[in-house]
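Here UniProt numbering is used: the first residue of the sequence shown is 1, the next is one more, and so on. Every residue, glycine too, gets a C-beta built ideally from N, C-alpha and C. Note that the coordinates shown come from a computational prediction; the quantities given were computed from them, not determined experimentally.
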Amino acid sequence: MLESLIDRIYEAAGSPRLWVDAIQWLCNYAESDRSSLIVLPQVGTARWVASTAPKCQSNPALASPALRNTGRNPRLHMLAHTKFIQDVDSAFICCGSDMCSSNEHSWRAGTAIQVPNGDLAIITAERRAERGPYGAGILSRLDALRPHLVRACHLSAQYGYERARVATTTLDHIGLPAAILTASGRILITNECLQASHGRIASGQNTESLFRNFSNSKLLHEAISGVADGRSVACTLPVRAISDHRAFVAHVHRIAKPDDDVFDASAMQLILKKIGAPPAPDNDLLHVLFDLTPAEARLLRALAGGLRLQIYAENTGVQASTVRSQLRSIFVKTGTNRQSELLSIVASISTFAGSSASC
1 MLESLIDRIY EAAGSPRLWV DAIQWLCNYA ESDRSSLIVL PQVGTARWVA STAPKCQSNP
61 ALASPALRNT GRNPRLHMLA HTKFIQDVDS AFICCGSDMC SSNEHSWRAG TAIQVPNGDL
121 AIITAERRAE RGPYGAGILS RLDALRPHLV RACHLSAQYG YERARVATTT LDHIGLPAAI
181 LTASGRILIT NECLQASHGR IASGQNTESL FRNFSNSKLL HEAISGVADG RSVACTLPVR
241 AISDHRAFVA HVHRIAKPDD DVFDASAMQL ILKKIGAPPA PDNDLLHVLF DLTPAEARLL
301 RALAGGLRLQ IYAENTGVQA STVRSQLRSI FVKTGTNRQS ELLSIVASIS TFAGSSASC
C-alpha cells in the first residue's frame with residue numbers, strides 16, 4: 001500500500017485534482033476517519049481538500065467549514081515542521097449530518113510544510129475519540145512518508161507559480177502590462193512590461209505598491225475587491241499613471257481553475273492597455289489578409305498612421321490620382337466603403353500585431 005500511496009502523492013503534485021484521491025489514501029494508510037490538506041496563505045482565506053468517511057455524503061473538497069481553522073494551532077506550527085505530531089482537535093465534524101458529527105474531541109496527527117511561495121501546507125489525519133490516540137507505529141509510518149509529501153507540495157506550488165508566469169509572459173509578447181493577483185490582492189507575479197511601465201514592483205507585495213502609480217487607485221482597488229469576493233467576474237475601468245499622465249484601460253478578471261487546486265494561489269489577472277494609436281500592421285500581414293499590393297499596403301499603413309491622402313501623395317512623389325486609385329482598390333479588397341470604416345478594421349488588426357510591441 002505504501003508504494004501505491006507514494007505514487008498517488010507524486011501524481012497529485014502534477015495534477016491538482018488528484019490531491020483528493022491522495023489524501024483519501026493517506027486516510028486509509030493512517031487508519032483514520034478523515035485526512036485533510038489545508039494551504040494557509042500569508043494573508044487571506046485557506047484553501048483545502050479533505051477525504052470523507054465511507055458513509056459520508058459530502059463533497060471531499062468542501063467537507064467542513066471547521067477545516068478552515070485546522071492547522072492554525074501555534075503548537076502545531078512550532079513542532080510539526082520536521083515530523084507528524086499528535087494533538088487533540090475540536091469536535092470531529094465532516095458533513096454536518098448526525099452520522100458525521102460528534103460532541104467529543106478527535107485525535108489528530110499533523111505536520112506543517114512551508115512551500116516556496118510563502119504559504120503553509122498542513123496535512124492531518126484524524127480519528128474519532130472513541131478509537132483512541134495514534135500509536136507510535138502509525139506516527140513512524142507517517143514520518144517516513146513526510147519527505148514525499150514535502151516534495152509533492154513543493155512541486156504543486158511551483159507548478160502553480162509556473163502557470164501564472166507563463167500567463168503573464170505571453171502578454172509580454174504582445175506588449176501588454178499584466179500581473180497575477182491572489183484572492184487577497186497580493187501580487188503573485190508581474191510581467192516585464194508592467195515592470196518597465198510602472199517601476200520596480202516586487203512579487204509578494206500588496207497591490208497598494210501598484211496602486212500608488214495611478215491617480216484613481218481607489219477605483220482600481222474596488223474593482224479588484226469586487227472580482228475577488230465574487231460580486232463580478234470581470235471589470236474594466238480607466239486609470240491614469242501619475243508620473244507621466246498616461247491613460248490606461250485596466251481589465252481585471254477572475255481566473256477559472258478547479259476548486260480543488262489548493263496550491264495555485266492565483267485568483268485574478270490584471271491587464272493594462274495603453275490608450276493611443278496602435279501600431280499599423282506590417283505589409284506582409286496586410287497582403288495575406290486582403291491581397292494588397294506593396295504600394296496599397298504602404299498607403300494603408302500611412303493612413304493608419306494619421307497621414308492624409310494628399311500629404312502621402314506629396315511625400316512619396318506619386319500622383320494624387322494614382323493614390324486615389326489605390327485607395328479604391330483597397331476599399332474593394334477589404335469590403336469597405338469609407339475611410340473611417342477602413343481605419344477601424346486596421347485598428348482592430350493592430351491591437352495584437354507584432355511581438356516587439358512597446359510596453
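Count the other CB atoms, across all protein chains shown, that sit within 10 Å of the CB of residue i; report buried if there are 16 or more and exposed otherwise.
i      : result
Thr170 : exposed
Leu2   : exposed
Gly186 : First, the amino acid is wrong: residue 186 is Arg here, not Gly. Burial call: buried.
Ser140 : exposed
Ser344 : exposed
Ser32  : buried
Gln319 : exposed
Asp119 : buried
Leu67  : Annotation note: pLDDT 44 at Leu67 (below 50); position unreliable, no value reported.
Pro281 : buried
Val233 : exposed
Met99  : Caution is warranted here: a pLDDT of 42 is assigned to Met99, below 50, making its placement in the model unreliable, and no coordinate value can be reported.
Gly230 : exposed
Thr236 : exposed
Ser197 : buried
Gly110 : buried
Arg328 : exposed
Arg338 : exposed
Report the rounded CA-to-CA distance for residue i versus residue j, giving the unit in angstroms.
i           : j      : result
residue 361 : Leu309 : The requested residue 361 does not occur in the structure, where the chain is confined to residues 1 to 359.
Phe263      : His287 : 47 Å
Ala164      : Asn315 : 47 Å
Ala302      : Tyr312 : 7 Å
Arg298      : Glu192 : 32 Å
Arg108      : Tyr134 : 8 Å
Ile174      : Gln195 : 15 Å
Leu149      : Ile349 : 49 Å
Arg246      : Arg47  : 38 Å
Pro147      : Ala167 : 31 Å
Pro41       : Asp284 : 49 Å
Ala129      : His105 : 6 Å
Ala144      : Ala178 : 42 Å
Gly226      : Arg151 : 35 Å
Gly132      : Leu37  : 22 Å
Ser154      : Thr124 : Rather than Ser, the amino acid found at residue 154 in this sequence is His. Each residue's Cα considered, the two are about 17 Å apart.
Val346      : Asp7   : 54 Å
Glu11       : Gly160 : 15 Å
Ser51       : Pro16  : 15 Å
Ile275      : Phe248 : 5 Å
Pro278      : Leu307 : 14 Å
Ser184      : Ala30  : 34 Å
Glu162      : Pro116 : 12 Å
Ser64       : Leu342 : Note that Ser64 scores 43 on pLDDT, short of 50, meaning its location in the model is unreliable and no value can be drawn from it.
Ile180      : Ile9   : 27 Å
Val43       : Ile138 : 33 Å
Thr82       : Ile122 : 12 Å
Gln271      : Ser321 : One detail in the question is off: residue 271 reads as Ile in this sequence, not Gln. Distance between the alpha carbons of Ile271 and Ser321 is about 45 Å.
Ala80       : Val252 : 38 Å
Gln269      : Ala136 : 47 Å
Val239      : Asn28  : 54 Å
Ser340      : Thr45  : 50 Å
residue 395 : Asp172 : Look at the range of the chain in this structure, 1 to 359, and you will see that residue 395 is not part of it.
Asp261      : Ile113 : 17 Å
Asn182      : Gly305 : This sequence places Thr at residue 182; Asn is not what is there. Taking the straight line from one Cα to the other gives about 39 Å.
Ser217      : Ile224 : 11 Å
Gln326      : Lys273 : 33 Å
Val39       : Thr190 : 23 Å
Return the Cβ separation of residue i and residue j in integer angstroms, given the expectation that the two are a contact with Cβ distance under 8 Å.
i      : j      : result
Leu176 : Ser266 : Wrong, their Cβ atoms sit about 17 Å apart, outside the cutoff.
Leu5   : Trp25  : 5 Å
Val49  : Ile23  : 6 Å
Ser156 : Ala13  : 5 Å
Ala250 : Leu289 : Not a contact, Cβ separation roughly 30 Å.
Got a sec: is the Cβ-Cβ distance from residue i to anything in chain D below 9 Å?
i      : result
Ala157 : Protein chains in the displayed structure number just one, and chain D is not present.
Quick check: is any heavy atom of the ligand ADP less than 8 Å from the C-beta of residue i?
i      : result
Thr316 : Among the ligands in the structure shown, none appear at all, so the ligand ADP cannot be discussed.
**Study point:** the region 279-296 / the region 333-348 touching (three or more Cβ pairs under 8 Å)
**Key:** Taking a contact to require three or more Cβ pairs closer than 8 Å, the region 279-296 and the region 333-348 qualify as touching.
Practice item. For the region 250-321, list the beta strand (DSSP E) runs that are entirely contained and at least 3 residues long, ordered along the chain. Key: Complete beta strand (DSSP E) runs here, min 3: 266-274.
**Study point:** Minimum length 4: unbroken alpha helix (DSSP H) runs contained in the region 118-182
**Key:** As far as the region 118-182 is concerned, its whole alpha helix (DSSP H) runs of at least 4 residues are 136-172.
Exercise for review: Just list the beta strand (DSSP E) runs in the region 8-48, keeping only unbroken ones of 3 residues or longer that don't cross its boundaries, in chain order.
Suggested key: Listed in chain order, they are 34-40.
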